[in-house]
Structure formats: C-alpha cells, structure tokens
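Residue 54 is where the sequence shown starts when you use this note's numbering, and the numbers rise one by one after that.
We put the beta carbon where it would ideally sit given N, CA and C, even for glycine.
Quick caveat: nothing in here was measured; it's all calculated off a predicted structure.
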Amino acid sequence: MIKLNFGIVFLIIFAIIFLLTGFYFFKLYPLFSVIFFIGAIVNSILLYREYCDQKNKISFNNDNIPERIKIKYPISITIVTLLSYSVFPAVAIFGLIISRTHFHLTDSKVFSIIALFISIFIIASYLEIKKKSKRFIIISDKGIQLGVDPHMRWSDISEEKIITRHFKGQDHRRDYTSSLKFLYLLYNNKKIEINIDDFDITDYQLAQILKIFRARFNNSGLI
C-alpha cells in the first residue's frame with residue numbers, strides 16, 4: 054500500500070487547484086487558462102513519478118543485474134521542463150493579444166512577435182533535450198562512464214558511494230535546508246561528484262548497483 058506522504062498530498066492539492074482555475078478562466082480568457090492547465094499537467098506528471106518511485110522500489114542483487122546498466126533522466130522530467138518553458142510564451146502571447154489595441158499593433162506585427170516567442174520556445178526546448186541526452190551514468194563490469202566523459206575503469210576508481218549534501222538557504226520568511234544526493238568517487242585520486250536526484254533511480258538502488266559491480270570486479274581477479 055502506498056503512503057500518502059506530504060509530497061504526494063501537496064502535488065494532488067496543487068493539481069486540483071490548477072485544474073479548477075483553468076476551467077474557471079476557460080470561458081473568460083481561453084488562452085490564459087492554458088497556463089493553469091499546463092500547471093495541472095506538470096503536477097500530475099510529478100505526482101505519477103512520485104507514486105511510481107514509492108511503488109517500484111526494486112531491490113537489486115547479482116542475479117538480476119546485467120553486465121551493463123545505463124541510468125538516465127526519465128522522460129517525465131524532460132516533459133515537465135518543456136511544459137514549464139511553454140508557460141512563458143503562453144503568458145507573453147496572452148499579454149500581446151490583450152494589449153495589441155493599446156500599442157496599435159497590426160496583424161503582421163502580432164504574427165511576427167508570436168512567431169518569435171514560439172521560435173525561442175522551440176530553440177530552448179531543443180537545447181534542453183540535447184543537454185539531458187548527454188547526462189547519464191553507465192555502470193558495467195568494466196567501470197563507470199559519466200555522460201560523454203571518457204570511460205573510467207574499476208581499477209582506477211575507489212571510494213565509490215552515495216553521499217548527501219545539505220544546503221542552507223533563506224527567503225523573505227524563513228531559513229531552510231535542502232538535501233541533494235550525489236554519486237561520489239575518486240578517479241585516479243581525483244574527486245568526482247554528480248547529482249543523482251533527477252535520475253531514474255533511487256539513491257539506495259544506485260548504492261546497491263555500485264556494491265554489486267565492485268564485488269564482481271574484485272572477484273574477477275583483475276585488481
């Protein structure tokens with residue numbers, strides 16, 4: 054049974070608020086309501102991912118791990134990012150349409166500005182997808198590869214583990230502390246850290262995988 058933790062409850066509440074607000078503005082300002090529908094979709098995707106993270110906590114062992122595992126960003130994160138980007142052109146186009154009379158803009162100028170907003174959105178989306186595609190972790194019997202960086206052999210790697218970094222911040226109301234998970238390792242005595250919070254794996258699962266592949270290498274006699 055899945056526990057309704059604070060994160061899930063928070064996402065459910067905001068998804069409902071965005072959805073109801075979108076329906077409220079739909080008859081008054083259809084384009085403006087799109088912003089709230091996007092917010093509802095984003096929250097729904099995040100809610101589904103949170104649900105899956107809690108439901109599918111697979112425990113890895115030496116028998117169910119292949120010789121090579123590729124860990125990457127889930128498609129849900131990319132979709133959420135692109136939907137978030139789409140809010141800005143939607144707001145800009147809505148503001149342009151309701152103020153075109155005030156600024157005496159012709160149809161051709163309005164069309165050109167809208168085309169500019171959409172072009173910026175497409176370019177930003179392409180760059181985001183390209184950046185995400187280059188961020189992955191490959192763990193195999195031979196070693197570890199972080200994105201497009203050169204492959205690192207197990208014989209040159211040491212102290213691989215998952216660590217937590219705590220960051221303190223402050224807003225206008227209170228101080229707060231956030232925590233991020235990192236894959237930490239030494240490669241030829243050089244410290245390397247990569248944030249794993251958005252990857253399609255939990256920190257516990259990744260720690261299991263590291264231990265299994267390290268044990269395989271140690272038992273292979275190639276040390």
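- For E181, the enclosing alpha helix (DSSP H) begins and ends at 160-186.
- With 16 or more neighbouring CB atoms inside 10 Å of its own CB, E213 falls in the buried class.
- Taking all protein chains shown into account, K184 has fewer than 16 neighbouring C-beta atoms within 10 Å of its C-beta and is therefore exposed.
- With respect to the 8 Å criterion, E120 and S193 are classified as neighbours on the basis of their beta carbons.
- Under a 10 Å Cβ-count criterion, T134 is classified as buried, with 16 or more other Cβ atoms of the shown protein chains found around its own Cβ.
- A contact between stretches requires three or more CB pairs, one per stretch, nearer than 8 Å, and the segment 266-274 fails this requirement with the segment 233-244.
- For G92, the number of other beta carbons within 10 angstroms of its own is at least 16, and it is reported as buried.
- With fewer than 16 neighbouring CB atoms inside 10 Å of its own CB, A168 falls in the exposed class.
- Across the set L199, I190, D256, the C-alpha of I190 shows the shortest separation from the C-alpha of K123.
- Annotation for L199: no alpha helix (DSSP H) segment contains it, though the beta strand (DSSP E) segment containing it runs 196-199.
- Taking 8 Å as the cut-off, the Cβ atoms of I98 and I132 count as close.
- Distance from the Cα of Y82 is smallest, within the candidate group I171, I150, N96, for I150.
- Y257 sits away from R188, with the two beta carbons spaced by 8 Å or more.
- Looking only at F113, L84, I94, the smallest Cα-Cα distance to T255 is reached by F113.
- Beta bridge pairing from DSSP links N248 with F235.
- Annotation: I245 to L263 spans about 15 Å, alpha carbon to alpha carbon.
- Rounded to the nearest angstrom, the gap between the Cα atoms of I176 and I182 is 10 Å.
- Taking S178 as the centre and dropping the five residues before and after it, the same chain places the C-beta of L135, Y138 closer than 7 Å to its C-beta, in chain order.
- Assigned with DSSP and collapsed to three states, I88 falls in helix.
- Excluding five sequence positions before and after L72, the CB atoms of its chain that fall closer than 8 Å to its own CB belong to F89, F90, A93, given in chain order.
- Counting the other CB atoms within 10 Å of its CB gives N96 a total of 16 or more, which places it among the buried residues.
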